[in-house]
Amino acid sequence: MSSTKTVTVTVDQPQSSSSAPIELETIIHEAQPGQSSSNAVADPESGGETSESQPPLPIFKILVSGYSFFCAGLDSATLGPLVPHILDAFSIGTGHIAIIYAAIFAGWLLAALTNPFLAAHLHLGKLLFIGAIFQVFAQCLRPWAPYSLFFSTFFFQALGMAFQDTHSNTYVSAVRDSHRWLSFIHAMYALGGLVGPLISTAIATAEEHHEGGWRTVYYVTLGTSALNLIAVALAFRDTLFLMKSQSVEAQREERRNKEALEEVGQLLKLKNVWLMSAFYFFQSGAWSTSGGWVVEYLTQHRHGKLSQVGYVPTGFWAGVVLGRTLLAEPTFRFGEQRMILLYSCATLVLQLLFWLLPNLVASATAYALMGFFFGPYFATGMRVSAKIIPRKVQSTGLGLIFVLAQAGAAIFPSFTGLIATSAGVQVLQPIVTALIVGGGVCWWLLPNVTLKE
């Protein structure tokens, strides 16, 4: 016999003292036979119920999800230190780097457009596996691809990351103690970002006397991507070969496509989704622009040696790893909205110090501390997003947030490169400062969300 449980999400509007809290009720139906209504909670993968008496955590699946984020962070962080080598190898200017970021954005955009329809027809395992295949394909091309094909690999890599990371994030956001596990998988992204500059700078520096030696970096990322593909196949094999409604597929296909379109329409009407997307748009733009151009900035404007300043992004990502590890619990305990606003102010102050202090050591230290306070942003935002987005459209909603985050991560570095072509790379600092301020304002406008059962 089915039972019903009501989960109430209270959304406080801090900007308007006269407005009463808004309560959004999510009704969870169809408890399993023999299961009381008092101990049913949502299962992250099937959407059904498990017992509230501490069901076993899907540790292997969470670890594989974390590893996929590690691979994504590793790939993203290798680009910045390789930019000077790419410019030299292909004899191009800084404006051409905009093509790479445009390709990355195109991959995420295509994933956002196709995700609702693929999710309507494919189970989780197949979606993650497709994403992993695209990433392996991109890494296979990079060690030898000529100019045009090399730049196109960033499209395929982004497309694969978009499919895998979006659905991994949605999966982990629904497990028990999700704030801890979301912090874990996003800390794994930061760990990849920490390792990436170390590997790319060390290999590119060692191979600088060999033409195209910097491409050796991509043999490492090829290996990590291949391992990611194998891990996904093992961890999510229960849904990898499972088909949705095989016996009535033809009859239900049209209805599922219609429902997918309705979900998109419903999602686009949610103001908080757009505010959260804008927050990620600006903040992702800030760290991507800074990380992509900081090495070029320190070599050209601060006259640092490439073999030394190539490691500066490592300090930033080390800060992100520590921030996502150490600040997750305080952020959860003391209030997510309050703490992210506090971190935004700290990040802004440190960015101004990085900009205004001409000393390389002081700048590198401020940059690393920026990473520390930036650390909790992504996992905290994903947790809040999971509260304010209805479960039915949550996967699509997180996909939209991800794609706009990647839009910021692609548009602003491209914009910076185009301006730097004529005005110099010093334009990096005012652009990053403005993006940090914009992200903080968007977060301040979000409602204060608390979860009550």
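Numbering (the UniProt record's numbering), first residue to last: 1 to 453.
Glycine included, each C-beta is placed from N, C-alpha and C at the ideal position.
Counting along the chain, the unbroken alpha helix (DSSP H) around R338 starts and ends at 336 to 356. With the rule of 3 Cβ pairs closer than 8 Å, the stretch 71 to 78 counts as touching the stretch 193 to 201. For W181, the enclosing alpha helix (DSSP H) begins and ends at 178 to 206.
Contact between the stretch 342 to 356 and the stretch 388 to 395 is absent: fewer than three C-beta pairs spanning the two stretches fall below 8 Å. Given a length threshold of 4 residues, each whole run of the alpha helix (DSSP H) inside the stretch 62 to 134 is given here in chain order: 97 to 121. The three-state secondary structure of N228, taken from DSSP, is helix.
Around the CB of K269, fewer than 16 other CB atoms lie within 10 Å, so the residue is classed as exposed. The count of Cβ pairs closer than 8 Å, one atom from the stretch 112 to 130 and one from the stretch 177 to 189, stays below three, leaving the stretches out of contact. In the structure shown, N359 adopts coil according to DSSP, grouped into three states.
With a 10 Å radius around the Cβ and a threshold of 16 neighbouring Cβ atoms, Y367 comes out buried. Taking a 10 Å sphere around the C-beta of W293, we find 16 or more other C-beta atoms and assign the residue as buried. Boundaries of the alpha helix (DSSP H) harbouring L435: 428 to 445, taken from the DSSP string. As computed with DSSP, N169 is found in no beta bridge at all. In the pairwise beta carbon analysis, the stretch 403 to 419 is classified as not touching the stretch 314 to 325: fewer than three pairs are separated by under 8 Å.
Contact check for Y67 and N228: beta-carbon distance about 6 Å, within the 8 Å limit, so the pair qualifies. Judged by beta-carbon spacing, A119 lies within the 8 Å limit of S395, meaning their Cβ atoms are closer than that value.
Closest in C-alpha terms to Q337, from the list E207, A138, G439, T94, comes G439. Going by DSSP, A386 is part of the alpha helix (DSSP H) stretching over 377 to 388. According to the DSSP assignment, F236 belongs to no alpha helix (DSSP H), since it is labelled neither H nor E.
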